[in-house]
Amino acid sequence: NKPVRIAPSILSADFANLGNEIHACQGADLIHIDVMDGHFVPNITIGPLVVSSVKKITQTPLDVHLMIQRPEEYLEAFATAGADILTVHIEAATHLHRVVQQIRDLGKSPGVSLNPATPLCAIEEILPELDMVLIMSVNPGFGGQKFIPASLDKIRRLRAMIEATGKEISIEVDGGVTPANIAEVYKAGADTFVAGSAVFSTSNYSLTIQQMRIECQG
Ligand code: DX5
Ligand code: ZN
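Remember, UniProt numbering sits 1 above the position in the sequence shown when you count from 1.
Here you go:
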């Protein structure tokens, strides 16, 4: 049985009460932080300042999802702020190989994300250098969207590509993951699950996280 990591996305949390919201996510494997610049995606969220505040109040590793243009200019700031995983979008990085090396040199774990319309062949060359591939199962920018069903087949094909490398590379899925569909996404080959609205719309975040884990393993 492959491991399951649940990563609540604070995009759907109450930002005026962020510390308590994160503490209420007990049992989470990662805290997913969505960084949006208003250029790469049509929304603006948070920067390194918030990441460093979050770092001070939790031991849970921070999974920082950069939905920004020119990610290379901000990697150091997010690394210093306390990111553990730094994921960049392939559509936003012209020199992706260099960006991935920069993340390694900063001592952080590199991930690369693909939008729904970006084909898997785009990461063929860089795949062996990565710790994680993030498959977007919605178009990035907002929480609470519906899971795009074609993502399941993409995850299956990515799992086969990863097996062919012989390396241990995580598949994270982001967008529209809920307790009702997580088992199917897990079976397709994902091991790391972002959940924003599915966690923060419930009254007991910790219980929802636990339920999602059980759905995969059960
Ligand atoms: C979307 C973000 C997601 C978002 C997911 O652009 O990358 O991390 O928070 O939200 P849900 O789980 O509600 O689809
Ligand atoms: Zn995200």
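In this text, a Cβ means the ideal position worked out from N, Cα and C, and glycines have one as well.
Residue span of the alpha helix (DSSP H) that contains residue i, given as start and end
i: threonine 24; result: Per the sequence shown, residue 24 should be read as histidine rather than threonine. Looking at the DSSP string, the run of the alpha helix (DSSP H) that includes histidine 24 is 19–24.
i: aspartate 106; result: 97–106
i: proline 49; result: 49–58
i: phenylalanine 201; result: 198–201
i: leucine 12; result: Premise fails: leucine 12 is in no alpha helix (DSSP H) and is neither H nor E.
i: leucine 87; result: Leucine 87 -> not in any alpha helix (DSSP H); beta strand (DSSP E) instead, spanning 86–90.
i: aspartate 192; result: No alpha helix (DSSP H) contains aspartate 192, which DSSP labels as neither H nor E.
The beta strand (DSSP E) enclosing residue i, as first and last residue numbers
i: proline 111; result: 110–115
i: isoleucine 7; result: 6–9
i: serine 171; result: 171–175
i: valine 36; result: 32–37
i: isoleucine 136; result: 133–137
i: leucine 76; result: Unbroken run through leucine 76 is the alpha helix (DSSP H), 76–82; no beta strand (DSSP E).
i: leucine 159; result: First-last for leucine 159: 152–166, but that is the alpha helix (DSSP H), not the beta strand (DSSP E).
i: leucine 121; result: That residue, leucine 121, is in no beta strand (DSSP E); it is neither H nor E in DSSP.
Buried or exposed by the 16-neighbour rule on C-beta atoms within 10 Å, applied to residue i
i: residue 1; result: The chain is shown from 2 up to 219; residue 1 falls before or after that span and cannot be answered.
i: leucine 67; result: buried
i: phenylalanine 16; result: exposed
i: leucine 12; result: buried
i: leucine 208; result: exposed
At a cut of 8 Å, does the region 118–126 reach the region 39–53 through at least three beta carbon pairs? No contact exists between the region 118–126 and the region 39–53.
Segment contact flag, the region 71–91 with the region 103–114, C-beta cutoff 8 Å, min 3 pairs: Three or more Cβ pairs closer than 8 Å define a contact, and the region 71–91 meets that threshold against the region 103–114.
With three or more beta-carbon pairs closer than 8 Å as the criterion, would you say the region 157–171 touches the region 137–147? no
Under 6 Å from any heavy atom of ligand 2, by CB: list those residues in chain order, please. Ser10, His33, Asp35, His66, Asp175 and Val195
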